[in-house]
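Chemist: Here it is: the structure, laid out below.
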Amino acid sequence: MKERSKEFEQLRIDQENKAREELQGSGLDQLICFTLDNFAFRYLETSHTKNIQTEFLGEGIYSVHSFELEPMSALKIQDQKAKKGIVTLAKRFSSTKGVGLKVKLELLCDTSKVVNGSGTIQCHAVINWNMDNDFEDDIDFTSKKSVSYDFSDILDLRNKLALLLEDVCTIF
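By the numbering used here, the letter at position 2 of the sequence shown is numbered 35, and the numbering carries on one by one without gaps.
Below you can see the structure in the form of structure tokens.
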């Protein structure tokens, strides 16, 4: 029985080491893109924005975004600050029944502080209703939820990334 336990433990260690090797280099990029693409499908796709793909913005930042054009859908957003702002914005479009309203929804992962399989990742969910200024980042027209996660083993990040994104996506 002890022999089987040792074999099982060695198999687990071998699999973890193999997974760590796969996450080195472009493996982390693939993990982030794959996970963000899945969350985009779940949280960001709208009737007007389909098949969203993650973009690498440089400096370790990955982004995926969409635009909500339907006023009733935009008003279903959970975040109270964003909801107030969107209500104010929607009132401007009452004569057109909402045609012209545009709200940007975005997920970001910042891996700029990740070096050699350890470091800190920051995940952000952003709602931006600053359509008059081309969605410039303005505290009065943006609501953001962020979380940081420190890790010393890349496998910890692999196992935790979806939970981190799930947490920030609660503002949607």
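For glycine and all other residues, C-beta sits at the position ideal for the given N, C-alpha and C.
Kindly indicate which three-state DSSP category H91 falls into: helix, strand or coil?
Modeler: Counted from its first residue, the sequence shown places residue 91 at position 58. It should be noted that the sequence gives Gly, not His, for residue 91. G91 falls in the strand class under three-state DSSP.
Chemist: Based on the DSSP output, what are the partners of T153 in its beta bridges?
Modeler: As a first step, residue 153 must be located in the sequence shown, where it is residue number 120. Looking at the DSSP assignment, T153 forms a beta bridge with K146, D183.
Chemist: Three or more C-beta pairs under 8 Å: does that hold for the stretch 119 to 130 against the stretch 99 to 109?
Modeler: Counting Cβ pairs under 8 Å, three or more are found: they touch.
Chemist: Can you tell me whether F174 is helix, strand or coil according to DSSP?
Modeler: Your numbering for residue 174 matches position 141 in the sequence shown. Note: F174 maps to helix in three-state DSSP.
Chemist: Among R75, L69, K35, K39, which residue has its Cα nearest to the Cα of R191?
Modeler: Taking the sequence shown and counting its residues from 1, the one referred to as residue 191 is at position 158. The shortest Cα separation from R191 among R75, L69, K35, K39 belongs to L69.
Chemist: With burial defined as no fewer than 16 other Cβ atoms inside 10 Å of the residue's Cβ, what is the status of T129: buried or exposed?
Modeler: As a first step, residue 129 must be located in the sequence shown, where it is residue number 96. By the neighbour-count rule (16 or more Cβ atoms within 10 Å), T129 is not buried but exposed.
Chemist: Look at the alpha carbon of I160 and the alpha carbon of V201, and state the distance between them as a whole number of angstroms.
Modeler: In the sequence shown, counting from the first residue as 1, residue 160 sits at position 127. In the sequence shown, counting from the first residue as 1, residue 201 sits at position 168. So the alpha carbons of these two residues sit roughly 11 Å apart.
Chemist: In whole angstroms, give me the CA-to-CA distance for V88 and F126.
Modeler: Working through the sequence shown from its first residue, we reach residue 88 at position 55. Working through the sequence shown from its first residue, we reach residue 126 at position 93. In the sequence as presented, Val is not what sits at residue 88; that position holds Glu. Taking the straight line joining both Cα atoms gives about 31 Å.
Chemist: Are the Cβ atoms of D186 and S151 separated by less than 9 Å?
Modeler: Start at 1 with the first residue of the sequence shown, and residue 186 comes out as number 153. Start at 1 with the first residue of the sequence shown, and residue 151 comes out as number 118. Cβ distance < 9 Å, so D186 and S151 count as in contact.
Chemist: Please report the Cβ distance between S96 and E139, rounded to the nearest whole angstrom; I am assuming they are in contact, meaning their Cβ atoms lie under 8 Å.
Modeler: Here residue 96 is taken as the residue at index 63 of the sequence shown, counted from 1. Here residue 139 is taken as the residue at index 106 of the sequence shown, counted from 1. Their Cβ separation, rounded to whole angstroms, is 6 Å, which keeps S96 and E139 in contact under 8 Å.
Chemist: Exposed or buried, what is E36 when buried is set at 16 or more other beta-carbons lying within 10 Å of its beta-carbon?
Modeler: Here the question's residue 36 lines up with position 3 in the sequence shown. By the neighbour-count rule (16 or more Cβ atoms within 10 Å), E36 is not buried but exposed.
Chemist: Tell me, which residues are paired with A158 by DSSP?
Modeler: Against the sequence shown, residue 158 aligns to sequence position 125. BP columns for A158 point to L140, K178.
Chemist: With a CB to CB cut of under 6 Å and the five nearest residues on each side skipped, what residues in its chain are close to W162?
Modeler: Your numbering for residue 162 matches position 129 in the sequence shown. Contacts found: G118, I119, L122, V136, F174.
Chemist: Quick check: what's the CA-CA separation for N149 versus Q57?
Modeler: Within the sequence shown, numbered from 1, the residue matching residue 149 stands at position 116. Within the sequence shown, numbered from 1, the residue matching residue 57 stands at position 24. Going from the Cα of N149 to the Cα of Q57 covers about 8 Å.
Chemist: Pull up the distance between the alpha-carbon of D167 and that of K116, whole angstroms please.
Modeler: Taking the first residue of the sequence shown as 1, we reach residue 167 at position 134. Taking the first residue of the sequence shown as 1, we reach residue 116 at position 83. Approximately 19 Å between the Cα atoms of the pair.
Chemist: For S96, write down the residues that DSSP places opposite it in a beta bridge.
Modeler: Against the sequence shown, residue 96 aligns to sequence position 63. E88, L141, per the DSSP bridge assignment.
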